[in-house]
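Using the working numbering, the letters of the sequence shown map in sequence onto residues 644 to 963.
The structure appears right after this line, and notes come after that.
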Amino acid sequence: KTNLTDVDNALNIIKFMMNKPACAIMKHNNPSGVAVDNSLSMAYHRANMADRIAAFGGAAVFNRSVDRETAELISRNYLEVVAAPDYEEGSVNILKGRKNLRILTIPRMDRLEAFCDLRFVDFKSLNDGGIIVQQSPLNKIRTAADLLPARAVHDGKEYVTERSPTVRELDDMIFGWSVEQGVTSNSVIYVKDGCTVGIGTGEQDRVGVAELAVIKAKVKLRDRLCFERFGKPFSEMVDENICKELDNEVEMLKGGLNGAIMVSDAFFPFRDGVEVGIKMGVSAIVHPGGSDRDYESIQACNEADPKVAMMFTDQRSFKH
Numbered sequence: 644k645t646n647l648t649d650v651d652n653a654l655n656i657i658k659f660m661m662n663k664p665a666c667a668i669m670k671h672n673n674p675s676g677v678a679v680d681n682s683l684s685m686a687y688h689r690a691n692m693a694d695r696i697a698a699f700g701g702a703a704v705f706n707r708s709v710d711r712e713t714a715e716l717i718s719r720n721y722l723e724v725v726a727a728p729d730y731e732e733g734s735v736n737i738l739k740g741r742k743n744l745r746i747l748t749i750p751r752m753d754r755l756e757a758f759c760d761l762r763f764v765d766f767k768s769l770n771d772g773g774i775i776v777q778q779s780p781l782n783k784i785r786t787a788a789d790l791l792p793a794r795a796v797h798d799g800k801e802y803v804t805e806r807s808p809t810v811r812e813l814d815d816m817i818f819g820w821s822v823e824q825g826v827t828s829n830s831v832i833y834v835k836d837g838c839t840v841g842i843g844t845g846e847q848d849r850v851g852v853a854e855l856a857v858i859k860a861k862v863k864l865r866d867r868l869c870f871e872r873f874g875k876p877f878s879e880m881v882d883e884n885i886c887k888e889l890d891n892e893v894e895m896l897k898g899g900l901n902g903a904i905m906v907s908d909a910f911f912p913f914r915d916g917v918e919v920g921i922k923m924g925v926s927a928i929v930h931p932g933g934s935d936r937d938y939e940s941i942q943a944c945n946e947a948d949p950k951v952a953m954m955f956t957d958q959r960s961f962k963h
């Protein structure tokens, strides 16, 4: 059941990313890492390294045929599931080298993008035998033109963000909002250059989940740096000097969040939420907007040094 729902939720994310090679790695029905790139192997590598720890035993879903290079990378890790529209010659034999790996083919994935405009029916059974039936939401944010500049009115005064987002930031906003479609609410995620950096899921308060995503970004970056340089996870590093150096580097890099985009599935009720991201050096923020205190969040962006861009989606992404 978990394998099938993980694959399904990955498709719910990458259906918005069919124009480039993409990979979504899922764990317990939430993404551990999602990335797009010019090659499938690099998309997988970036999605995996975004959170090597959580990707262990996960489900990796691709929107392109798995080639030998990508299969070689997959075979170095432990996954429960690999799913793709097809597999190039020789790649399945490479994947079969991993014990208990479930290799799935998703037929007609070329039609996946059509599901962006289709609702599905969601059923939830209750303890007393009752059933809740609802339609799935539709994500209307597909291009930068679908985003709205952040504006608010308070006591008769209009507030607007003073810095406009760059093309790169707008691209990452669209990417991040697409990822949000598969993240359990309440959530805040950070993305940069078409890859997730920190993913906070299912928390009860917005500032708390923003902080959780920061903590996760730091922990995952520290582990990644340790693995890339010394071939072992940070948890197995016994050299205290190296541990301190890695901790210091991660703090200096602000967990890799400097220049990232902060994405929230709902509006920020207070400015303390956006200030979490601003403190970590995010360059832009995207969220639905609609709070009575949106003007405070806009003020926080304008008071930042350097100033932070903010855009509204005018719709919430809500997943339970």
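All C-beta atoms in this analysis are idealised placements derived from N, C-alpha and C, irrespective of residue type, glycine included.
Predicted model only: the values in this text are computed from it and were never measured.
Residue i in three-state terms, based on DSSP
i	result
residue 609	Given that the chain is displayed from residue 644 to residue 963, the structure contains no residue 609 and the question cannot be resolved.
residue 905	strand
residue 729	coil
residue 695	helix
residue 688	helix
residue 667	strand
residue 846	coil
residue 701	strand
residue 721	coil
Beta-carbon proximity list for residue i, same chain, < 7 Å, skipping 5 on both sides
i	result
residue 691	668, 676, 698, 720
residue 686	664, 665, 666, 678, 679, 680
residue 786	817
Close Cβ partners of residue i (< 6 Å) along its chain, the five nearest in sequence each way excluded
i	result
residue 768	774
residue 803	794
residue 907	831, 930
residue 763	779
residue 704	650, 653, 667, 726
Closest by C-alpha distance to residue i, when choosing among the options
i	options	result
residue 942	796, 828, 743	796
residue 866	888, 843, 650	888
residue 938	959, 913, 960	913
residue 757	911, 659, 880	659
residue 843	860, 890, 837	860
residue 715	928, 736, 696, 766	736
residue 730	752, 707, 947	707
Continuous alpha helix (DSSP H) stretch holding residue i: start and end
i	result
residue 648	645-657
residue 752	Segment: none, residue 752 is in no alpha helix (DSSP H) and carries neither H nor E.
residue 869	849-873
residue 735	734-738
residue 765	Element bounds for residue 765: not the alpha helix (DSSP H) but the beta strand (DSSP E), 764-768.
residue 955	Note, residue 955: premise wrong, no alpha helix (DSSP H); beta strand (DSSP E) at 952-955.
residue 914	914-922
residue 709	No alpha helix (DSSP H) contains residue 709, which DSSP labels as neither H nor E.
CB of residue i within 9 Å of CB of residue j, strictly
i	j	result
residue 724	residue 651	no
residue 960	residue 780	yes
residue 822	residue 674	yes
residue 761	residue 744	no
residue 701	residue 718	no
residue 953	residue 813	no
residue 926	residue 893	no
residue 873	residue 885	yes
Enclosing beta strand (DSSP E) for residue i [first to last residue]
i	result
residue 839	839-843
residue 676	673-679
residue 928	927-930
residue 833	831-834
Neighbour flag for residue i against chain B, beta carbons, 9 Å
i	result
residue 810	Looking at the structure shown, chain B is missing, and only one protein chain is on hand.
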